[in-house]
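Note sheet for the following structure.
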Amino acid sequence: MKFQAIKDLESHLATEFGAGSLDVAADLCPPEFAGDITVNCFVLAKQLRRAPPQIAAKAVAFLSGHADVAAAECLKAFVNVTFKPAALFRDTVADLGALLEDARFPAAQRQRVLIEYSAPNTNKPQHLGHVRNNTLGMATAAVLREAGHAVVPVNLINDRGIHICKSMLAYQRWGNGETPESVGKKGDHFVGDYYVKFDAEFRKQLAALRTAQPELKDKADEDLFLETEIGRAAQDMLVAWENHDPTVHNLWQTMNGWVLAGFEQTYARMGVRFDKVYLESNTYQLGKDIIRDGLARGVFQKRDDGAVFIDLEDKGLGTKVVLRSDGTSVYITQDIGTTLLKQNEHQPDRQIWVVGDEQKHHFQVLFAILQKLGYPWASELTHMAYGMVNLPSGRMKSREGTVVDADNLFDEMRDLARQETLTRAGADVPADLDERAQVIAMAATKFMLLKVNPRTTILFDPQASVTFEGDTGPYVLYAYARISSMLRKADAGALAGAVDWSVLGVPEEKDLALRCSQYGTVVRKAAVDLDTSCLSSYLLDLAKSFSRFYRACSVLGAPTPELRRARLELSAVTRTVLKAGLSALTVGTLESM
RNA sequence: GCGCCCGUAGCUCAGUUGGAUAGAGCGUCUGCCUCCGGAGCAGAAGGCCGCAGGUUCAACUCCUGCCGGGCGCACCA
10 MKFQAIKDLE SHLATEFGAG SLDVAADLCP PEFAGDITVN CFVLAKQLRR APPQIAAKAV
70 AFLSGHADVA AAECLKAFVN VTFKPAALFR DTVADLGALL EDARFPAAQR QRVLIEYSAP
130 NTNKPQHLGH VRNNTLGMAT AAVLREAGHA VVPVNLINDR GIHICKSMLA YQRWGNGETP
190 ESVGKKGDHF VGDYYVKFDA EFRKQLAALR TAQPELKDKA DEDLFLETEI GRAAQDMLVA
250 WENHDPTVHN LWQTMNGWVL AGFEQTYARM GVRFDKVYLE SNTYQLGKDI IRDGLARGVF
310 QKRDDGAVFI DLEDKGLGTK VVLRSDGTSV YITQDIGTTL LKQNEHQPDR QIWVVGDEQK
370 HHFQVLFAIL QKLGYPWASE LTHMAYGMVN LPSGRMKSRE GTVVDADNLF DEMRDLARQE
430 TLTRAGADVP ADLDERAQVI AMAATKFMLL KVNPRTTILF DPQASVTFEG DTGPYVLYAY
490 ARISSMLRKA DAGALAGAVD WSVLGVPEEK DLALRCSQYG TVVRKAAVDL DTSCLSSYLL
550 DLAKSFSRFY RACSVLGAPT PELRRARLEL SAVTRTVLKA GLSALTVGTL ESM
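Encoded structure:
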């Protein structure tokens, strides 16, 4: 939101210095200086090609005479502006519709954005790493939507391959016909147990093999996979699957069904939803025809052994095989195909993949290939890379059982939230206790992941991380619930009639209004940077501003009806902004907590 | 070997088109409930911003080198 006085300053300076259009940024004034906002003339100096003090002098002179300005003073090349209260509130919170609309890009800049995230394997349950992906993906999608884009969230489920066959084979051998229902276990966990069983047996056979043949000692585990009986059997099963063996396909359908039903529950809890879910079993053959076409056009080359590759030396990416010598497709071939499929089905202006940063190189290669193939949209593809989640003990490893399971984490957070709620509730236990606990738990979990920059490697300390105080989701929820509580207590007509903003003006009121007015700028920045952390920090700051205001200014007990009216309105605007911002992070709110 | 990312308070993290005296939370210490919800508020202590150069009126931010950590560089996905 831009202040009228700043808009006027823009045109004044543009005229004075003979510049074209000018963009004057007004930042919040740091607390140690007197002023509401500050204009940095160093930045303007570059736009206007004039000395900063010269610009500052002109700006101070102009602003001092402006009807909205109470005081303007210059320190170094910073012009600190204090507004008359009526103007400050008029240009910040008086027009709630404009405030919210400010988050949206102008119509001409709005795009259709396809975003793929989650992309789980159907051989084991999801852990904290997946939770970070899901959370980032859904929040990024929601932020883009809040910024005015049309968003198509999609999932690509990796439901075939050797890792799927591992759990299938283990189930075939040791399953005894049990089902998730018969043992009362969530489907993805049920299947995951067999994946672990397979691995245990493989390790056993591997050890036996190395004992029997000491010369294999230095070979990597992967290289000996087919040397073990169980590894061989899994590979045979994969071949059988690819040959549409009915028994294998039946088992595969059944077990994938169990896993996907389990994922559904986890997704539902997080609020994850997709417009379209792709299955790799349907897409893994895609891309081959594109390769053949590209081969004919000279984009790709064929080696003596029959393998097809592309030379990306000019982009510093080496060479990449895109079809094996036996003619089958590799991972990147599928990605070429699915990218084209998504492009054709949804016609997005832009595609985004939310995938861990260990695959950065893969996406550089993928995008380079698509560019060489000449697709005009190939320049509008983005890999939104994020860092991993580590534990104090190091990396999470499924094999070593050091993963933080998603469902368990959610359960623990919910139980803690319930306990906290009960402690605070005292005698009267809320009827919707479980629902509250669930919302608080998800707010805490998501905020924990969203408040840090996506590229950062997160350290998750189970002991320290499970908290609802300080910079947390529940803190923001608490501010929201307090405002809701006030609004409930106010009588029905409390928010009716015109607001006289000129009665406000203490620092806490001004700070809160100024903070609210930054909502749009922050959302647009988050959308441009594909970084939700600035929005998370903003909401924490906004909640903090409200808490200070709430402490310093009595709302319902304000000395005059006009003051009470204005403070209630300011609180209501804050509540709406909190709600909008939390919703843009896919975090739910509570009216009471 | 080459490439990318990271190194900021005891801990976890902000600070990214270079701008005022580098911030927040946790933890530690001190205050605040005759007052709208204490999941709160106010305050204190705590920093050679990995190290060394360079560019600039101005560097946590840009450039070079070094040290330390992570991740990549498959006819795996």
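Residue numbers (the numbering used here): 10 to 602. Ideal Cβ positions, reconstructed from N, Cα and C, are used throughout, including at glycine. Given the structure is predicted, the values throughout are model-derived calculations rather than measurements.
Restricted to the segment 151 to 196, the beta strand (DSSP E) segments that are unbroken, complete and at least 3 residues in length are 159 to 166, listed in chain order. Around the beta-carbon of SER388, fewer than 16 other beta-carbon atoms lie within 10 Å, marking it exposed. Annotation for HIS21: PHE71 place their beta carbon closer than 6 Å to its own, counting only its chain and skipping 5 residues before and after. Within 10 angstroms of the beta-carbon of GLN118 lie fewer than 16 other beta-carbons, which makes it exposed. Looking at the DSSP output, GLU19 bridges to nothing. By the neighbour-count criterion, in which 16 or more other beta carbons inside 10 Å mark a residue as buried, TRP183 falls on the exposed side.
In this structure, PRO463 keeps its C-beta atom at 8 Å or more from the C-beta atom of LEU123.
Beta-carbon to beta-carbon, ALA112 and GLY365 are separated by about 29 Å, too far to satisfy the 8 Å threshold. Excluding sequence positions up to five before and after GLU82, its CB lies within less than 6 Å of the CB of ASN89, all in the same chain and listed in chain order. A direct Cα-Cα distance of roughly 39 Å separates PRO189 from LEU375. In this structure GLY303 is not in contact with SER338, their Cβ atoms being roughly 13 Å apart against a cut-off of 8 Å. Going by beta carbons, ILE449 and THR583 fall outside the 8 Å limit. One alpha carbon belongs to GLU273, the other to GLU444, and they sit about 19 Å apart. DSSP assignment within the segment 333 to 365 yields the following whole beta strand (DSSP E) runs of 3 residues or more, N-terminal first: 359 to 365.
Runs of beta strand (DSSP E) with 3 or more residues, each lying fully within the segment 15 to 77, are found at 35 to 37, 46 to 49, listed in chain order. Closest by C-alpha distance to ALA79, out of LYS67, LEU97, ALA86, is LEU97. Annotated as proximal: GLN244 and ILE171, with beta-carbon spacing under 8 Å. The C-beta of PRO483 has 16 or more other C-beta atoms within 10 Å across all chains shown, which makes the residue buried. As the crow flies, the alpha-carbon of LEU459 is around 27 Å from that of PRO40. When DSSP states are grouped into helix, strand and coil, GLN310 belongs to the strand group. As a beta-bridge residue in DSSP terms, CYS83 pairs with VAL88. TYR395: member of the beta strand (DSSP E) spanning 390 to 395, first to last residue. Under the three-state reduction of DSSP, ASN132 is assigned to coil, being neither helix nor strand. Between PHE87 and ASN49, the beta carbon gap of about 6 Å places them in contact (Cβ cut-off 8 Å). The residue from ASP197, SER402, ALA156 with its alpha-carbon nearest to that of PRO134 is ASP197. In this structure HIS139 is buried. Its beta-carbon is surrounded by 16 or more other beta-carbon atoms within 10 angstroms. The continuous beta strand (DSSP E) containing VAL286 extends over residues 285 to 288. If you draw a straight line from the Cα of LYS381 to the Cα of THR24, it comes to about 48 Å.
Uninterrupted alpha helix (DSSP H) stretches at least 4 residues long and entirely within the segment 466 to 497 occur at 471 to 474, given in chain order. Taking C-beta atoms as the reference points, MET602 and LEU486 count as a pair closer than 8 Å. Inter-residue distance for PRO255 and TYR287 is about 22 Å (C-alpha atoms, whole angstroms). The residue from ASN130, ARG560, GLY566, ALA507 with its alpha-carbon nearest to that of GLU578 is ALA507. CYS525 and VAL102 do touch by the CB rule: their CB atoms are close to 5 Å apart, below 8 Å. Assignment of alpha helix (DSSP H) within the segment 411 to 445, counting only whole runs of 4 or more residues, yields 415 to 434 in chain order.
About 18 Å separates the Cβ atoms of LEU418 and LEU594, ruling out a contact at the 8 Å cut-off. In the displayed model, GLU322 falls within a helix according to three-state DSSP.
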